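Residue numbers (the numbering used here), protein chains in the order written: chain A, 42 to 384; chain B, 42 to 384; chain C, 42 to 384; chain D, 42 to 384.
Below you'll find the structure, written out as structure tokens, and then a few comments.
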């Protein structure tokens, strides 16, 4: 089977993966309303091209929070890459480095952040602030030492979402030999704690603990976005966790304009959720995102062909993005305007 | 078959029940437009979580019209439980008591209100005001004597709705041995009368006849809500009778904000119709309901496993509600705000 | 097969009728967008019941343009009843008389207006103004002499709509022995002429030629409604010819409020198109119609059982209408208010 | 198989054509969202007829940019007609001439513009401005010499859209013997260059180079429409390239009112994309178009029967258009008003 777009990769990955692991990656919470909404909202929004702009091929490269990226697409933090490919996140990281894009390494990776960093690309580190602040601090120190360039704090997970596909598959434990490598200390693998007690104070504490820029991932309400900026946070990721946490949250692209309005450019905005096409990226950029993060398609690429598969996913999306920008008359992401997206 | 959510219970119940009885419980009036609309409207509304609130697990318990409830979910009044399980409402009542939730016992129960009360939980009594006020008064006295804590007057039934599934099944009489136990006196079972002659005067009369709080169930128009409050009614249930009466009435969740606006907090509002998920409960609470009432899913639980089945339905919904509140950043139902629901 | 609603009649009629005749009655113009829209719009509009009104069963009977009708439902003019039943319009007229409703006899009937009038019920006469005014006048005189109580001028037919089902069936001529009985004179059957040259002047001429009230059928634009009232017309029928003329015209129920606004009660409004349920009738009444006209369901009843079939259709609809009015809290059509219909 | 409307022609053409060529003509970019949207938008818009206008059959003939046309429908420029029929554009041009409509000959025709002009009808010439202005000028001179009456510059193609059906079919080269005849010089066939460097200056240059009226095809943003008029362009075609370039652009009929507003009648507007019915043409005319251009249906007619097939397509559409205008109460396209189209 040849692949021509990111959805083809999902079809191929479904054939290759253990169905239980496929479901783990593909599924969303409960009725998967949000999972479907993320993609449907991109499809519903229309793009109005500008014409006769008279320039060369668009410049995709730029900086996100000070880090160079060959295009405004990051790898979203996703867990358990070794379920998809034996090398796990090492393969993903090599592909990211070769593509010149930023990988947001997940706290729940199946190799350590140090092993991921060995690939040599630009890394950010995603974490759930753990009630044990000492342990959280140690994770931050390791991320810093490994050369991570930003911290991404996931804030939409005061509890774990309800995954019914996982329940139906009775999938509650990783297979033998696969585990959360970052959580291992003194012989044991520590449980990840998702706690509703995590608060703005913890974010303030973290900002004080590190020199790295701190982003919050999972912001959907404008009042929270405002508070985050006031709190000194360096960036926001508009995210509903790919529809895996609270079901029936709105599509992220539908929330982006609301968040962009309140933030008013004070910090960069990123978005994830449902990005499958170059035109999706363009819509997010036009509505105020500095970049988007790509989740499941990276996993499909990984499952299909390891680092090569991820590379091909990124290359396909880059091609689509370049084509979409060109057809929109934009010589760079910054040339897009929000009036180019209509409901 | 394992059950993971309330809809699974319906599937299991369909397998267990006589198809004619299943249809009786499952069906709505005529084209079942409203039946479908109730659920579809919840799915269409989106929930915007708040983040980093910093508190413990949410408190679900509270009071509804002075009665303690372990969560803001009541058992809606539904008829003929012995069609679903031999013990009928006795099993339902035991499950409600053990779950610490209020059961609204239906006038059209298949055991008497006294037998239902024997289970020992918190009961409210639902009735259709009968043109024979003497008989109505005797029902009220029995409910009071049985310890019921509120009266719920159904006001959407000046006539019986048109159930075409029932017509096609030629289902017009209860099977031998099953009857409306509350309607029995001096050897006969009295017919229930649904009459368009029942009016606000009857409601006023009833309020004067009893010390119990009186709620009206079936309010959809804001002018009626206003009049009810002026009339001294103690609470309202926004309901379209689960889509069983007038077909093409709006989804209840779509009427809730309109009713909440006009009532302005003067009396508590409840809602029933289409509640199948913890997120549905959260949406109703955020839009102004003090609690919701659960109808058909209770019957599916009852059909599947008697009191244990009902207990499992309530436990599943409680778990979902706790999860949804946590993910919304709310430490109690009262912490939700209406801006967390978007169209 | 038992029938429980008007749609069941269509299913039965489809089995009984020659498929070509079935298609003739059932079809709409071109892509049948309007045909579907008429029914879909009724389904989309929601009805908000009022409660506790305290009255007896609703009064359905009333007057439409001075004619008594046992309910606010007329028989819409439809052509060629002998394709559905040997006696044709005679059977329909008997059923209408026995049901106490007004039949709008079609100019394109397959028995003469005099033969239809022999049934003894209340008749209105529908006509297409023919460019040959002498012939038009003779039709009017015959209708008057036959006791018709109003004239209904169809104004949406300056040309014949495009019926592709008919084209595919190669159905262009009536079968032997069936013809437009009113068009027969001196041995020949005159062709019906649909001409774009018919204008307001012809309507004025007609109003001057007869003492009967004149209604225009096929009004969808408010400016035309205003002009009609100024022109002295006695009533309007909001109609898109059941979706048989210009395809993609709006659903009639969606145009009714616009027309009602501009007419402001100066003349009675009727509506046809897509009425299949008692709740549909209620919606039209609430939005300003004095009555509705029923088209295809009458033909299905006729095809299924002649006069008895039509009687059963009318009886079913009357039952549904009475039930819907009762459940809306209305003791008569006039008690409905437009705020009881929500989008 | 008999054909009754333009969609029938597509069904027949699908049977006749090599599936790869069928896909080439039928497909749109990527997910074909825009391809579907163009037709869906026409279907969604409703037409409100006017009545009793009192005139003869509508006049379809008129002038577009000074050229007579027997109806307000042009042949949109489409490539590679010899994939559909051996004679290619020669057959199309004969049909256009006999129908009295303007053919916009495509730069990517498979016979030369001179050969197309030999058919003797009214031609406009469509071109992509080539970075090699000398070559572009030579094309313009040839078009002028061949008697073309206007130039249509396609401006939505700074790059080629992504056609995945073509990719899946591995269709990247024309079959032997078929080539872009206008691009042939000195023995070779020149590649067509689509370049983002083409700008307003090129358009100004072209306007200065020719006496012919210049239209821009592919305008969707009102600011571009305004700039085009300021730039001295003589007409605009609201087009999304039939959904073949940037996917998820809006339906053209949805952009027409926005463009018409800003242009304010200063230059004529045309529209293409999704026109399949006479009512579609009427909607475009009512919303401000002077005429529409017909793309794929012409190709289906060509594939089915060469010049005769195209003639039949045009004749069917003319009949539908005449019928739709008559039923709208319009004696000419100019009599339509925008209030006759409702959302």
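We put the CB at the ideal spot given by N, CA and C, even for glycine.
Just so it is clear, the structure is predicted and the values come from calculations on it, not from any experiment.
Does the beta carbon of residue i sit closer than 8 Å to a beta carbon anywhere in chain B?
i: residue 294 of chain C; result: no
i: residue 118 of chain A; result: no
i: residue 364 of chain C; result: yes
For chain A, find out if any of its Cβ atoms is closer than 8 Å to the Cβ of residue i; answer yes or no.
i: residue 90 of chain B; result: yes
i: residue 302 of chain D; result: no
i: residue 96 of chain B; result: yes
i: residue 354 of chain B; result: no
i: residue 383 of chain B; result: yes
i: residue 367 of chain B; result: yes
Are the C-beta atoms of residue i and some chain D residue less than 8 Å apart?
i: residue 361 of chain A; result: yes
i: residue 85 of chain C; result: no
i: residue 406 of chain C; result: Because chain C spans 42 through 384 in this model, residue 406 of chain C falls outside it and cannot be assessed.
i: residue 77 of chain C; result: no
i: residue 370 of chain A; result: yes
i: residue 127 of chain C; result: no
i: residue 199 of chain C; result: yes
Do you know how far the Cα of residue j is from the Cα of residue i?
i: residue 272 of chain A; j: residue 88 of chain B; result: 24 Å
i: residue 122 of chain A; j: residue 67 of chain A; result: 13 Å
i: residue 151 of chain C; j: residue 295 of chain C; result: 33 Å
i: residue 112 of chain C; j: residue 101 of chain C; result: 5 Å
i: residue 254 of chain C; j: residue 276 of chain C; result: 8 Å
i: residue 263 of chain D; j: residue 90 of chain A; result: 11 Å
i: residue 132 of chain C; j: residue 347 of chain C; result: 6 Å
i: residue 127 of chain A; j: residue 261 of chain B; result: 58 Å
i: residue 201 of chain C; j: residue 305 of chain D; result: 35 Å
i: residue 360 of chain B; j: residue 319 of chain B; result: 8 Å
i: residue 172 of chain B; j: residue 365 of chain D; result: 59 Å
i: residue 232 of chain B; j: residue 195 of chain B; result: 17 Å
i: residue 176 of chain C; j: residue 369 of chain D; result: 26 Å
Just the chain D side, please: which residues come within less than 8 Å of residue i by C-beta, in chain order?
i: residue 46 of chain A; result: 71 and 205
Here's the rule I'm using: 16 or more other beta-carbon atoms within 10 Å means buried, otherwise exposed. How should residue i be labelled?
i: residue 191 of chain A; result: buried
i: residue 42 of chain B; result: exposed
i: residue 197 of chain A; result: buried
i: residue 159 of chain D; result: exposed
i: residue 99 of chain C; result: buried
i: residue 156 of chain D; result: buried
i: residue 229 of chain A; result: exposed
Could you work out which residues of chain A lie near residue i, taking near to mean beta carbons separated by less than 8 Å?
i: residue 321 of chain D; result: Result: empty, since nearest Cβ-Cβ is about 19 Å, beyond 8 Å.
i: residue 260 of chain D; result: 92
Listing by chain order, which chain D residues have their CB less than 7 Å from the CB of residue i?
i: residue 378 of chain C; result: Correct list: empty, because the minimum Cβ distance to chain D is about 25 Å.
Residue i touches chain D at which residues, Cβ-Cβ below 9 Å?
i: residue 318 of chain A; result: 71, 72, 288 and 289
Determine the chain B residues that contact residue i at a beta-carbon separation under 7 Å, and present them in chain order.
i: residue 93 of chain C; result: 196, 239, 240, 241 and 244
Taking residue i as the query, report the chain A residues whose CB atoms sit under 7 Å from its CB, ordered along the chain.
i: residue 339 of chain B; result: Per Cβ cutoff of 7 Å: no residues; residue 339 of chain B is ~20 Å from chain A at best.
Give me the chain C residues within the contact set of residue i, using Cβ-Cβ distance strictly less than 9 Å, ordered along the chain.
i: residue 251 of chain D; result: Ordered by position in chain C, no residue passes the 9 Å Cβ test against residue 251 of chain D, which lies about 40 Å from the chain.
Return the residues of the region 99-114 of chain C that lie within a Cβ-Cβ distance of less than 8 Å from chain B, sorted by chain order. Under the 8 Å Cβ criterion, the region 99-114 of chain C contributes 99.
For the region 235-247 of chain A, which residues have a CB atom closer than 8 Å to at least one CB atom of chain B, in sequence order? Residues passing the 8 Å Cβ filter: 237, 238, 239, 240, 241, 242, 243 and 244.
Near-chain A residues of the region 208-230 of chain D - C-beta to any C-beta below 8 Å: From the region 208-230 of chain D, only 208 and 209 have a Cβ closer than 8 Å to chain A.
Determine which residues of the region 129-144 of chain A have a Cβ less than 7 Å from any Cβ of chain D, and write them out in chain order. Cβ proximity to chain D below 7 Å picks out nothing from the region 129-144 of chain A.
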